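Participant: Chains as they are written, first to last, in the numbering used here: chain A, 1 to 350; chain B, 351 to 700; chain C, 701 to 1050; chain D, 1051 to 1400.
4 protein chains.
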Amino acid sequence: MLVVMKAHATPEEIQAVCDHIQQLGFRAHPLPGAQRTAIGITGNRGEVDRGNLESLSGVAEVIRVSKAYKLASRDVKEEDTVVRFPGTDAAIGGRGLAVIAGPCSIESREQAFAIAAQVAAAGAQFFRGGAYKPRTSPYAFQGLGFEALQIMADIRDKFGLRIVTEAIDSQSLELVAAWADVIQIGARNMQNFSLLKHAGRLRKPVLLKRGLSATLEEFLMAAEYIMSEGNYEVILCERGVRTFADHTRNTLDLSIVPAVQRLSHLPILVDPSHGTGKRDSVLPMARAAIASGADGVLVEVHDHPEIALSDGPQSIYPAQFVQMLNELEQIAPVVGRSLPHGIHVQAAAN
Amino acid sequence: MLVVMKAHATPEEIQAVCDHIQQLGFRAHPLPGAQRTAIGITGNRGEVDRGNLESLSGVAEVIRVSKAYKLASRDVKEEDTVVRFPGTDAAIGGRGLAVIAGPCSIESREQAFAIAAQVAAAGAQFFRGGAYKPRTSPYAFQGLGFEALQIMADIRDKFGLRIVTEAIDSQSLELVAAWADVIQIGARNMQNFSLLKHAGRLRKPVLLKRGLSATLEEFLMAAEYIMSEGNYEVILCERGVRTFADHTRNTLDLSIVPAVQRLSHLPILVDPSHGTGKRDSVLPMARAAIASGADGVLVEVHDHPEIALSDGPQSIYPAQFVQMLNELEQIAPVVGRSLPHGIHVQAAAN
Amino acid sequence: MLVVMKAHATPEEIQAVCDHIQQLGFRAHPLPGAQRTAIGITGNRGEVDRGNLESLSGVAEVIRVSKAYKLASRDVKEEDTVVRFPGTDAAIGGRGLAVIAGPCSIESREQAFAIAAQVAAAGAQFFRGGAYKPRTSPYAFQGLGFEALQIMADIRDKFGLRIVTEAIDSQSLELVAAWADVIQIGARNMQNFSLLKHAGRLRKPVLLKRGLSATLEEFLMAAEYIMSEGNYEVILCERGVRTFADHTRNTLDLSIVPAVQRLSHLPILVDPSHGTGKRDSVLPMARAAIASGADGVLVEVHDHPEIALSDGPQSIYPAQFVQMLNELEQIAPVVGRSLPHGIHVQAAAN
Amino acid sequence: MLVVMKAHATPEEIQAVCDHIQQLGFRAHPLPGAQRTAIGITGNRGEVDRGNLESLSGVAEVIRVSKAYKLASRDVKEEDTVVRFPGTDAAIGGRGLAVIAGPCSIESREQAFAIAAQVAAAGAQFFRGGAYKPRTSPYAFQGLGFEALQIMADIRDKFGLRIVTEAIDSQSLELVAAWADVIQIGARNMQNFSLLKHAGRLRKPVLLKRGLSATLEEFLMAAEYIMSEGNYEVILCERGVRTFADHTRNTLDLSIVPAVQRLSHLPILVDPSHGTGKRDSVLPMARAAIASGADGVLVEVHDHPEIALSDGPQSIYPAQFVQMLNELEQIAPVVGRSLPHGIHVQAAAN
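1) Taking only beta-carbon positions, decide if glutamine 534 (chain B) is within less than 8 Å of chain A.
2) Between alanine 490 (chain B) and valine 591 (chain B), what straight-line distance do the alpha-carbon atoms span, to the nearest angstrom?
3) Does arginine 1114 (chain D) have its Cβ less than 8 Å from a Cβ in chain G?
4) Please report whether the beta-carbon of arginine 1292 (chain D) lies at a distance below 8 Å from any beta-carbon of chain B.
5) Name the one or two DSSP bridge partners that methionine 705 (chain C) has.
6) Using the rule of at least 16 other Cβ atoms within 10 Å of the residue's Cβ for burial, across every protein chain shown, is proline 1363 (chain D) buried or exposed?
7) Taking beta-carbon pairs under 8 Å, can you tell me which members of the region 1012–1040 of chain C lie near chain B?
8) Taking a cut of 7 Å between CB atoms, which residues from the region 244–259 of chain A lie near chain D?
9) Please determine, among A:Gly51, A:Gly96 and A:Val234, the residue with the shortest C-alpha to C-alpha distance to leucine 24 (chain A).
10) Using 8 Å as the Cβ pair cut-off and three pairs as the minimum, do the region 844–862 of chain C and the region 1007–1022 of chain C touch?
11) Please report the residue range of the beta strand (DSSP E) in which isoleucine 883 (chain C) lies.
12) Could you tell me how far apart the beta carbons of proline 1322 (chain D) and valine 1347 (chain D) are, in whole angstroms, since I believe they sit closer than 8 Å?
13) How is the beta strand (DSSP E) around lysine 209 (chain A) delimited, first residue to last?
14) With H, G and I counted as helix, E and B as strand and the rest as coil, what does DSSP make of glycine 1362 (chain D)?
15) Going by other Cβ atoms of all chains shown within 10 Å of its Cβ, with 16 needed for buried, is threonine 1138 (chain D) buried or exposed?
16) Considering only residues of the region 114–172 of chain A, which uninterrupted alpha helix (DSSP H) runs meet the minimum length of 4 residues and lie entirely inside it, listed in chain order?
17) With distances taken between CB atoms, is the gap from tyrosine 225 (chain A) to glycine 186 (chain A) smaller than 8 Å?
18) Quick check on DSSP: helix, strand or coil for glutamate 567 (chain B)?
19) Among B:His654, B:His652, B:Leu619 and B:Phe509, whose alpha-carbon lies nearest the alpha-carbon of arginine 637 (chain B)?
20) Could you pull out every residue in the same chain whose Cβ sits closer than 6 Å to the Cβ of isoleucine 100 (chain A), ignoring the five residues on either side in sequence?
21) Nearest by alpha-carbon distance to glycine 1180 (chain D): which of D:Glu1268, D:Arg1145, D:Pro1188 and D:Ser1222 is it?
22) In or out: alanine 1057 (chain D) buried (at least 16 other Cβ within 10 Å) or exposed?
23) Leaving out five residues on either side along the sequence, give the residues of the same chain with a beta carbon under 8 Å from the beta carbon of cysteine 718 (chain C).
24) Are any of the Cβ atoms in chain A nearer than 8 Å to that of methionine 1271 (chain D)?
25) Contact criterion: CB-CB distance below 8 Å. Does methionine 635 (chain B) meet it with respect to chain C?
26) How many angstroms separate the CA atom of glutamate 1104 (chain D) from the CA atom of glutamate 1111 (chain D)?
27) Suppose only complete runs of 4+ residues qualify. What are the alpha helix (DSSP H) ranges in the region 918–986 of chain C, listed by chain order?
28) What are the start and end residues of the beta strand (DSSP E) that includes proline 732 (chain C)?
29) Which of the three DSSP states, helix, strand or coil, is assigned to serine 773 (chain C)?
30) Would you please state the rounded distance, in angstroms, between the beta carbons of serine 955 (chain C) and threonine 598 (chain B)? I believe it to be under 8 Å.
31) Can you pull out the residues from the region 145–168 of chain A whose beta carbon lies closer than 8 Å to at least one beta carbon of chain B?
32) Using a Cβ-Cβ cutoff of less than 8 Å, which residues in the same chain neighbour leucine 566 (chain B) once the five nearest sequence positions on both sides are dropped?
33) Within the 8 Å Cβ cut-off, does asparagine 1102 (chain D) reach chain C?
34) Just the Cα atoms here: how many angstroms apart are alanine 528 (chain B) and valine 426 (chain B)?
35) If you measure between the beta carbons of isoleucine 1285 (chain D) and isoleucine 1340 (chain D), is that distance less than 8 Å?
36) In whole angstroms, what is the alpha-carbon distance linking alanine 122 (chain A) and isoleucine 155 (chain A)?
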């Protein structure tokens, strides 16, 4: 159920409706829009009696949401969600394209700073690096953990980059929320519902990667898990799905970009590094991602990928990253986007 | 690396080798076999110097394990693993077929007891019922939680059934380990590595379901995560994978049964309920599972599936469950197996 | 549309209805059943006016068939189709299980006769061998062609085996129809609609293999293509579909067996050789196929698979074939089937 | 095997080498390059004795081709293949992007001419329209056949568009080769090896669509079938593969574009209409295709898709087609391409 408030409803009226919903034993999710506020209702098994709600002051109408996901649905919020980072001009989901770059894993302070310096100079606004690594083998490098979080916090201070890093369980989630700017939830945890709920109780943006065999509905339902707990800043990310095809590590499903944009107001990024697993395919698929309408890309960059502790074969070189940004800048206007301006001047100067 | 002890190596010699391995900074996993004990070494990034190990008393040879999984591999332990339940004749992995049955979710004490009575009378040794449910939608029934664990403990007391139920996070894992006999880890958590490691530190058998798009190697690596922490009682379970086919909810991949048995010593069950999602297909696929060589089946049984809170369409009726056992009993001898004797007499009497 | 005749309708009445349908510009397909004859109508784009039809002598009712496939549907013909071979007791689809065995390719007269002798002695009623081979590479062995057809005709004369072999185009189709007993249409040609229609105009049974990524509906529609031309003796065959899984060459989808049997009256076989691509998996999956309710199996047998010109790794040895028959004979009664009696005595004597 | 001729080898020397190869019982495929000619050898089961070949006049070296496909491989021909159409400036594979547009099926002369006029005015150089339709159902519209070929020949005369249409069997193949400019072989026939060989014996360009579950190697092997018969003008086309995803009809696998370009010299197009099955996704994926480096697109355009006899939901409107061309023109320079100049002026004028 969704309560649509009148255009000029006051904050007090909105609050009164939320209070009323909670007195009914449900949960109220006020979602401000450009024109007016909508209030999502969750927690109800069946129908909510709409009579009383419609009679409350400031209420325009009460409508039924037929999709399985509600808060993630464009039915509930028509305008695109833009995730902003206070005190910076960085944003994910607006006119500017988001570029998140960095190594698969933080391997050492030196390695991380060297790569951060290069991606910052080239024009990235976001730095990614794995602190807690979900590895297929228990015997593989599992990440530097807390030490990596500290290194990335220092990178933020030095280069002004927003930090994106993955949380893999409750403990790491609390730490990532405290030290980073965006909490990444990986493909293998897309249906780790406990982790999703926990992330929903935090107030940090969550970058949610599509599971290896997740349908679009399951993907949006995973976002809904986070949002149903009150955290509405969810960023979706396509990273390839599992098919019979063997020329790439995964099959990057770019057609999910327009499909998501039809159904949901959440921003969607594309990760061509995991999506292909092959360095030579990263630039072509990054260009394709932006051309398909994605809100940005997340790419792995390494200055010495041949000795990377993880995912070396899919990491691009810093020079390729600069080339990628130049290419994306040219494609962006076709889809009504741009690379964030100030930063790109730096890249050109570089 | 694997240290193979001589046939007549003493416990002291085995202990001395383990101590030596730990002094090197690695982890030792003694794996007793019918003929002799092998000691798996994990925690080493590269090669372990084998010279010193080979010179220790009681050591027959030191061999390199080339597969990514070690403790789960048949190279390391030739004999089939049989998971036993002290104080009962129940077992998973031996000559007797394991039959795990019960409702998808524990909905109430009455419902659970009614179904338990029927599956016990028919010949099941294990009762399954969801206490903590991983649901695609945050708004769907999430299970009765702790109350369900208590109900199932009472079912164990009354009917002598071993209890199998799913844990979905750290908190539920501790509770399930305390109250149930087998900890189930669901398909969506097959690569929740934190949960796997936590389960590995417990001393309860773990039933690990194959992920929806997991390869055989990833499946065995997930088992390895549990085993690498010292819990060697892992039971694998095929439950269908995701394909383009739409005549069943998932595509049950029975060919993984002989493939697992070639590569691993761990028992493997089949879940034809989730594997097909259709009541009419459960019996045919349960028969096929046993014919393919599986160590048993896990099936959803409900006396009123049309009003079940979850998975009604794939739950069979108690009468179908009796028919299934009769059919499995006839197929079992073809693959050198049987349904556990004493219990089946009860079923026939019923 | 389907015209159901009264139980005691005379041949003349049936003919009159067919004539009437054809005068309307449509095609009539009389399908005799145990109780009464049904007449399928194809060729109509929209609705057929049922008024006149219902008033014809001997007509019980005229019903609409809502499925995309009509002649293949169980709605149109309730009884299982049994494909018989005049002058022999061989059948596909009845109580007896059909066993089709032989080498992937006919490589020489000596090779073919040696294998035929062994499978005949063991109890097969059908011999398969490739004359025209659809090979992924243009440079691979393409089959002996017409010479192989002659060899197999001689095998029929000598061993009393019915011959099953693949046609790959119009020319080979005419030859196979003339020389063999069952025309096989391979997975790669399942949607070669010209070939299907051509096969539909012949009067030889057609064994139609499921395409590598065919849905159940597409599979039945391919059968419908053959049937719509008047050839109603279609035998379906599951041979594995393409998925991400890499432990077998294809993923054998046994759950299609009960699904087909719900929707269609056509017999369905399983090919565990192509379905797994691995010799060690053939027997387990053959057992599983019969346990799932399949009408028989199609297996590759070779006396020297290590030097086979094609598919050696998936061909079983003659001794394994004998073992397979013994195992299938034990499973058959569970699903109300048997191995054809007389022949099996031979196998035991062998 | 591949014979690489010296840079200044004369036509006579090249001919002498071909003659020699044929005398050995093999087949010679001279493949002229920018610098020098290579001669592919097919028909040999094992190694060809290279001694004599290397001693022939004009021969630079004889090298072994390790890939399963030879003539399609970039090892054999380094320069990109450009398919040209004598007497026109149309080309597929060069600097200019190829745009092939038209209705799924030719439904009538009026419909075809109306759409052709619009796509020609907008800037397409190639017109597509189905004459012979491979339909899943035998009861669906199967195309106008020969009449459609005549209509399209008239369209070529009137609008100067090159004609692309599908052949589905030997008979239609001969007709399409006689009446059209490019023979299309559809996804369902990608492994109809008889049809591929037949097309290889003709001297018309062949547009080969990727099969619904074809790997990259199988795709290139299908091209090799055509080329091994002497027809080297093969155009590849990605049109979506079959996966579990259900938000599009197929999953468009754009990552095959850079993968093909690494391994093969053949041009590759993308069909976003079949690749998505949804009108709203066609433009985003067409843009993405060009951004990924594809040599062009093949799109379905219909002026009244709501009444189209086939594939209406995935056909774009003429106005969308104009918009698409404008977008592709802006993206083209990023990948070093352009829309053919003269024609685009027309579009702008329109």
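Note that CB positions come from ideal geometry on N, CA and C, so glycine has one too.
Note that the structure is a prediction, hence the values are computed from the model and not measured.
Facilitator: From the atom records:
1) no
2) 23 Å
3) Reference to chain G is not applicable here, since the protein chains of this structure are A, B, C and D.
4) yes
5) C:Val759
6) exposed
7) Glu1027, Gln1030, Ile1031, Pro1033, Val1034 and Val1035
8) Phe244, Ala245, Asp246, His247, Thr248, Thr251, Leu252, Asp253, Leu254, Ser255, Ile256, Val257, Pro258 and Ala259
9) A:Gly51
10) no
11) 882–885
12) 6 Å
13) 206–209
14) helix
15) exposed
16) 146–159
17) no
18) helix
19) B:Leu619
20) Phe126, Arg128, Val164 and Leu298
21) D:Ser1222
22) exposed
23) Ala728, Pro730 and Ile739
24) no
25) yes
26) 6 Å
27) 956–963 and 972–976
28) 727–732
29) strand
30) 5 Å
31) Ile168
32) Ile606, Ala609, Val610 and Leu613
33) no
34) 30 Å
35) no
36) 15 Å
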